[in-house]
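Asker: Got a structure for you, questions after.
Protein chains: 2
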Amino acid sequence: MSSTVLYMSMSLDGFIAGPNESPDNGLGDGGYRLHTWVLPDPGEGVNRQVHDEFMATGAVIAGRGTFEPAGGWGGDHHGGVPIYVLSRHPAPDWTADWPLVHYGNDPDAAFAEAKKAAGDANVLVHGAATAQRALAAGLLDELEIHLIPVLLGSGRRLFENLGIGQRQLERIRVLHGEDGVTHLRFRVR
Amino acid sequence: MSSTVLYMSMSLDGFIAGPNESPDNGLGDGGYRLHTWVLPDPGEGVNRQVHDEFMATGAVIAGRGTFEPAGGWGGDHHGGVPIYVLSRHPAPDWTADWPLVHYGNDPDAAFAEAKKAAGDANVLVHGAATAQRALAAGLLDELEIHLIPVLLGSGRRLFENLGIGQRQLERIRVLHGEDGVTHLRFRVR
């Protein structure tokens, strides 16, 4: 059974990007520390295991705000799996020749199509705004939080103004990664 | 060597109390879930180990906002160790007969006295506001976060407006507690 899984690196104080984000400073001040467990290389241990997991997913769902600044990952995030982009705007021309990329503005439809396309594999959910929409709509099955031992002080929070009331989670895995990262996996109840 | 240690239960979305805190609702809506690992009883496993650790500390530092609503713990938090209360106000009359209780408004002095009193034992730091002041002043040595698998959505955050810039932490322990709690220990660099 396929699950939709958010993979997200977060500081202990809840930030997924540092302050002063801009096109030239996409992770915000200090935000690169959130990704040193996997960039430039996840090594060969626990961090590699987690990296390989999300690179084995069978479909990707991302918001336009994640997809477009990343250059659409050249049209292929990994392994030729389909990419569903949530956007109120039509697909830009530069994506026209990418058969894997599907624009749409209906989260229910995008998640259903992604799960179908993924078959038995999981679906990688990408980006904070999309994760928040998916949580609010009950479309997110699991969260894999890469908890980073840093206090960023300010920046962009993962869990902000969710407007979803309260949600009980089930902790289903804890992995002690290298470089101080703790990979915490939860199922949304 | 004695360390000052904040022990704090926090939801995955960073809250230490739910919304609508009031004298009759001291933990906020849903906030009791943050404490079920230790209340009414920590059991006999990992959660007991962590409970016993903070009950073996050699001194307590708390803010007035934690100490007074708790009735000053009857004048003895645990084991007859001294309690240092940070407050801009003088000690209230009802604490006058409690020899363990020391009011003051100087964090540096309170932390120094608490460490001296604790000897080789650690110092228990109690309360979010005190933890924030201590972090800002560089007086907090370690954080033990009891991470609870729940999203509270709103309420009171532990890490809010710290005004401390960024701080690197060192993950020094991860314990998988019962009831879904993950005990994460960090040293402040």
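Protein sequence lines, in the order shown, are assigned to chains A and B. Note that the numbering used here gives residue 158 to position 158 of the first sequence, counting from 1, and the numbers run on in steps of one. Note that the numbering used here gives residue 156 to position 156 of the second sequence, counting from 1, and the numbers run on in steps of one. Beta carbons: idealized from backbone N, C-alpha and C, even for Gly. Given the structure is predicted, the values throughout are model-derived calculations rather than measurements.
#1: Residues of chain B with a CB under 8 Å from the CB of A:P149: which are they?
#2: May I ask you to list, following chain order, the residues of the region 50 to 74 of chain B that have a beta carbon less than 7 Å from some beta carbon of chain A?
#3: Can you pull out the residues from the region 13 to 35 of chain A whose beta carbon lies closer than 8 Å to at least one beta carbon of chain B?
#4: What did DSSP end up calling B:L100 once you bin it into helix, strand or coil?
#5: Closer than 7 Å by beta-carbon distance: list the chain B residues that pair up with A:H183, in chain order.
#6: Enumerate in chain order the residues of its own chain whose CB-to-CB distance from A:G72 is below 6 Å, with the five nearest sequence positions on each side excluded.
#7: With A:V50 as the anchor, note down where its alpha helix (DSSP H) starts and where it stops.
#8: Compare the C-beta of B:V38 against all C-beta atoms of chain A and say whether one is closer than 7 Å.
#9: Taking all protein chains shown into account, do 16 or more other C-beta atoms lie within 10 angstroms of the C-beta of A:D41, making it buried, or fewer, making it exposed?
#10: Give a yes or no on whether the minimum CB-CB distance between A:G127 and chain B is below 7 Å.
#11: Determine contact between the region 172 to 188 of chain A and the region 14 to 28 of chain B, defined as no fewer than three beta-carbon pairs at a distance below 8 Å.
#12: What are the residues of the region 154 to 166 of chain A that lie near chain B, defined by any Cβ-Cβ distance shorter than 9 Å?
#13: Report the rounded CA-to-CA distance for B:L191 versus B:H89, giving the unit in angstroms.
#14: Along chain B, in chain order, which residues have C-beta atoms closer than 8 Å to that of A:G180?
#15: Taking 7 Å as the threshold (beta carbon to beta carbon), is B:L152 in contact with chain A?
#16: For chain A, find out if any of its Cβ atoms is closer than 7 Å to the Cβ of B:V174; answer yes or no.
#17: Starting from B:M4, trace the beta strand (DSSP E) both ways and give me its first and last residue.
#18: Can you tell me where the beta strand (DSSP E) with B:Q168 in it begins and where it stops?
#19: For the structure I just gave you, are there three or more beta carbon pairs, one from the region 106 to 114 of chain B and one from the region 45 to 52 of chain B, closer than 8 Å?
#20: Please go through the same chain and pick out, in chain order, the residues whose beta-carbon is closer than 6 Å to the beta-carbon of A:P149, but skip the five residues on each side of it.
#21: Identify whether B:A17 lies in helix, strand or coil by the three-state DSSP scheme.
#22: Give the range of the alpha helix (DSSP H) segment to which A:T66 is assigned.
#23: Alpha carbon to alpha carbon, how far is B:E160 from B:A118? Give it in angstroms, no decimals.
#24: Three-state secondary structure (DSSP) at A:L184?
#25: Grouping DSSP H, G and I as helix and E and B as strand, with all else coil, what is A:E144?
#26: Does the distance from the CB of B:V60 to the CB of B:L124 come in under 7 Å?
#27: Can you check whether the CB of B:I145 is closer than 7 Å to the CB of B:L184?
#28: Going by alpha carbons, who is nearest to B:F15 out of B:Y32, B:T4, B:S3?
#29: Name the residue from A:E178, A:G79, A:K116, A:L152 whose alpha carbon lies nearest to the alpha carbon of B:I164.
#30: In angstroms, rounded to a whole number, what distance separates the CA positions of B:R135 and B:A62?
#31: Using the Cα positions of B:G58 and B:G79, report the straight-line distance between them to the nearest angstrom.
#32: Among the residues of its own chain, which have a CB less than 8 Å from the CB of A:R189, if the five just before and after it don't count?
#33: Could you tell me the distance, in whole angstroms, from the CA atom of A:M8 to the CA atom of B:M55?
Answerer: The answer reads as follows:
#1: Under the 8 Å cutoff, chain B gives Q168, L169, E170, R171, F186.
#2: none
#3: D13, G14, G18, D29, G30, R33
#4: Looking at B:L100 - three-state DSSP - the assignment turns out to be coil, as it is neither helix nor strand.
#5: Per Cβ cutoff of 7 Å: no residues; A:H183 is ~10 Å from chain B at best.
#6: T95
#7: 46 to 54
#8: no
#9: exposed
#10: no
#11: no
#12: S154, R157, L158, F159, E160, N161, L162, G163, I164, G165, Q166
#13: The structure shown does not extend to residue 191 of chain B, since chain B spans only 1 to 189, so no value can be given for it.
#14: L169, E170, R171
#15: yes
#16: Yes, B:V174 lies at the interface with chain A (some Cβ there is under 7 Å from its Cβ).
#17: The sequence given here has Thr at residue 4 of chain B, not Met. 4 to 11 is the span of the beta strand (DSSP E), which, as asked, contains B:T4.
#18: 167 to 176
#19: no
#20: G180
#21: strand
#22: 64 to 67
#23: 29 Å
#24: The answer is strand: DSSP assigns A:L184 an E or B state.
#25: DSSP places A:E144 in strand when its eight states are reduced to three.
#26: Cβ distance < 7 Å, so B:V60 and B:L124 count as in contact.
#27: yes
#28: By alpha-carbon distance to B:F15, the top candidate from B:Y32, B:T4, B:S3 is B:Y32.
#29: Between B:I164 and the set A:E178, A:G79, A:K116, A:L152, the nearest pair of CA atoms involves A:L152.
#30: Note that residue 135 of chain B corresponds to Leu in the displayed sequence, not to Arg. Their Cα atoms are separated by approximately 14 Å.
#31: 8 Å
#32: R167, Q168, L169, E170
#33: CA-CA distance, A:M8 to B:M55, rounds to 35 Å.
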